[in-house]
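First up is the structure itself, then whatever we jot down about it.
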Amino acid sequence: MVESGAVPPLRTIGDHGIIGDLETAALVARDGTIDYLCWPSLDSLSIFADLLSSGNGGAFTITPDLAAPRNLQLYVPDTNLLLTRWMADDAAVEVLDLMPHPEARAHPDREARCLIRRIAVTRGTVSFTVRCAPRFDYARETPRVTEAEGGIRFAGRVLTLRLFASVPLTAEPDAAEARFALSAGQTAWFVLGEEALVRPDEAEIAAEIVSTRSAWREWAGRSTYKGRWREEVMRSALALKLLTSRRHGSIAAAATFSLPEASGAGRNWDYRASWIRDASFTVYAFMRLGFYEEAEHFRRWAGQRLMASDADNPIRIMYSIDGSEALDESELDHLSGYAASRPVRIGNAAHAQSQLDIFGELMDSTYLSNKYGAAISHEGWEHVRGIVDHVMSNWDQPDAGIWEMRSEPRHFLHSRVMCWVALDRAIRLAKKRSLPAPVVRWAECRDAIVADVWDNFRHPEHGYFVQERGGTELDAALLMMPLMRFVSSTDPVWLKTLDAIEEHLCDDGLVYRYRNADGLEGGEGAFTTCTFWYAECLARAGRLDEAQIILAKGMSYANTLGLFAEELDERGLQLGNFPQALTHLAFISAAFFIDRRIDKGYQPNWQP
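Printed below as a string of structure tokens:
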């Protein structure tokens, strides 16, 4: 929602595709501009950030001289190679953007990481202007631009990049530029990369494209999912893979920082970190699709955080991509913000919050991994017992909740439910693997949480579940109750809750997290993840026709490439950080369940 007086963005959030190399990712706009890229890692300093400060954040533009072209974007099927097209009356152009896949480099002796842009004219003759203007350190440093070794060198205080091209490049005071013309069938390429990058030739560029395309198709081919919506589900899986660190196994909540939840309202957060909360969603989604290696890699990453925690260093709600402490929050006052939405923030103050629900998600992922994968180690089980002890001592304490409220801590129902999940999954795991544990004591605490929820978290007049103890407001996080098997999806009280959520939080397929105050200025958009939670809950409640309609509406909130942002305005236009992992995970879960539920031979499975 663009507030009154806000500056309309040159390129909207939804006007982008994403490419990457499992270490970092770039956003490519529909007009051919790369206006967002952090280097060398997803959570490093930015080198292109024009999306967050138009005109001075840094950008890599390709501008064909065409009259009133139509712009289109598409992915090469089953890959993360992105095609951007310009179609005019007298000519047509396409640009292929990619980062070489690290597991399939065509020339292993030339392993410098890079970004490849290949221009092809498919009809007519076209003149081009290409301008590469990086701005290092979140646009606080303009690198020195010089011609060197057949290309351009961008030298900063701590970072140096090189740019090579198949056409002549000139060094401007603050950018590299190329002006040239191509006719139908002709191509030109540009390669931007590390200081160790050496000039490639045409054959090497072609080989990198072929090997990267093959690597992505080989990965997509491992999927066991053959159901309805396969193309959309696989696009979500490919987007999630781009947010996954090959080196560490963690998955970023999103590729970006400070894209606003409500334009002009200051709700601008950094999502380039890995949330423990995403653990069970990630493991479950990857396992459902047959990507067991990714599920196990993320489980190991989360397990390492668990193993490193103790009474003096409790487990955090989020970590940096490499598993270190997440960065403290700070503001970049020199950046104008997307659609004039300030302040632009990096780091995230929520990393220091108490959010009790994370223990449930962590234990759910641990249980799932043990159920379908390798057994937990003795040392790992001892740490699990420590987590359970912590939950038993703190489950009845107030916290910031799943939505990371910046008001006073409260007693949130979702946090209670996820503490129940932590105990429930620990008990199940102990019994499944015959592990030593005070199961009776755990079960007593688990059942006490159940009693507390039923006695203290219901509307005093209507009887449905509510957001917080003694309150009357609703919360879309309640949709997790049947999904985590806390309550039957057909329980009468739950069905009343589902109806209340529909009445108070849903608006024609848009689902809002809550309607009450959260301690922040301004309103926010609808939360895309919640649309898919809602669709799955409808299906589990037997309202299958409604579930399919909501699922279809939710899918329509993706951009033309099938990518979801965090939130939506009243028109269904994308807001917030992009692409958001949690939404893609929720979509996969809903699509998988509804696809299975539609089948005539469906049988409910009450195992978590």
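Quick note, the sequence shown lines up with residues 800 to 1407 if you use the numbering used here.
The beta-carbon is built from N, C-alpha and C at its ideal position, and this holds for glycine as well.
All values derive from a computational prediction rather than experimental measurement.
At the level of alpha carbons, what is the spacing between P1291 and H1261? 12 Å
What runs of the alpha helix (DSSP H), each 4 residues or longer, lie entirely inside the region 1262–1334? 1279–1282 and 1291–1304
When DSSP labels each residue in this structure, what does D1077 get in the three-state scheme? The three-state reading of DSSP puts D1077 in helix, counting H, G and I together.
Is it buried or exposed for E1124, if we count other Cβ within 10 angstroms and need 16 for buried? exposed
Contact between the region 811–829 and the region 1354–1364 is defined here as three or more beta-carbon pairs at a separation below 8 Å; is this criterion met? yes
Could you tell me whether the Cβ atoms of E1052 and A1072 are closer together than 8 Å? Reading off the sequence shown, one finds Ala at residue 1052, where the question assumed Glu. Yes, they are a contact pair.
Beta-ladder partner(s) of M1117, from DSSP: W1074
Rounded straight-line distance, which links the Cα of Y1137 to that of G804: Confidence at G804 is low in this model, with a pLDDT of 43, below 50, so its placement is unreliable and the value that follows should be read with caution. The alpha-carbon atoms of G804 and Y1137 are separated by roughly 13 Å.
Helix or strand or just coil, what does DSSP make of S1388? helix
With 16 other Cβ atoms within 10 Å as the buried cut-off, status of T1408: This structure gives no information on residue 1408, because the portion of the chain shown stretches from 800 to 1407.
Within its chain, find whatever has a CB closer than 6 Å to the CB of T1043; leave out the 5 residues flanking it on each side and keep chain order. I1050
Burial state of K1040, where buried means 16 or more other Cβ atoms lie within 10 Å: By the 16-neighbour rule on beta-carbons within 10 angstroms, K1040 is buried.
Specify the secondary structure class of I1175 as computed by DSSP and reduced to three states. Looking at I1175 - three-state DSSP - the assignment turns out to be coil, as it is neither helix nor strand.
Given 8 Å, three or more beta-carbon pairs between the region 908–919 and the region 998–1013: yes
What are the partner residues of H815, as DSSP defines its beta bridges? A828
Could you compute how far the alpha carbon of L841 sits from the alpha carbon of P901? Rounded to whole angstroms, the gap between the alpha carbons of L841 and P901 is 15 Å.
How big is the Cα-Cα spacing for M1354 and V944? 44 Å
Going by the beta-carbon positions, is the gap between P933 and I861 smaller than 8 Å? no
Cβ-based neighbour list, A825, same chain, cut-off 8 Å, excluding 5 preceding and 5 following: I817, I818, G819, I833, Y835, L836, F847, D896, M898 and L914
So the alpha helix (DSSP H) L880 belongs to, where does it begin and stop? Neither: L880 is in no alpha helix (DSSP H) and is coded neither H nor E.
Nearest by alpha-carbon distance to E971: which of P868, L1155, Y1333 and I951 is it? I951
Whole angstroms is fine: what's the gap from R1209's alpha carbon to A1316's? 13 Å
Under the three-state reduction of DSSP, which class applies to W988: helix, strand or coil? strand
Restricting to Cα atoms, I'd like to know which of A1064, N1255 and A1151 is closest to G1269. The residue among A1064, N1255 and A1151 with its C-alpha nearest the C-alpha of G1269 is N1255.
Limits of the unbroken beta strand (DSSP E) element including D1344: Looking at the DSSP string, D1344 is not in any beta strand (DSSP E); the run it does join, the alpha helix (DSSP H), is L1343 to S1355.
Output the boundary residues of the alpha helix (DSSP H) element that contains A848. No alpha helix (DSSP H) holds A848; DSSP gives it neither H nor E.
Compare the C-alpha of P876 against each of T823, F859 and A1014 and name the closest. A1014
Sequence ranges, alpha helix (DSSP H) only - wholly within the region 1173–1219, length at least 4: For the region 1173–1219, whole alpha helix (DSSP H) runs of length 4 or above, ordered along the chain, are 1177–1193.
What span of residues does the alpha helix (DSSP H) with Y1091 cover, start to end? Y1091 to A1107
Endpoints, the alpha helix (DSSP H) within which E1017 is located: E1001 to A1019
Taking the C-alpha atoms as reference points, what is the distance between V957 and R939? Within the model, the alpha-carbon separation for V957 versus R939 is close to 13 Å.
How many Å lie between R810 and A828 at the Cα? 7 Å
How long is the line joining the alpha carbons of Y1171 and I1114, rounded to whole angstroms? 25 Å
Is D1156 helix, strand or coil by DSSP? coil
When L960, Y1024 and A974 are compared against V997, the one with the closest alpha-carbon: Selection L960, Y1024 and A974 evaluated against V997 yields L960 as nearest (Cα-Cα).
Taking C-alpha atoms, which residue in E1302, W1074 and L1374 lies nearest to R1104? W1074
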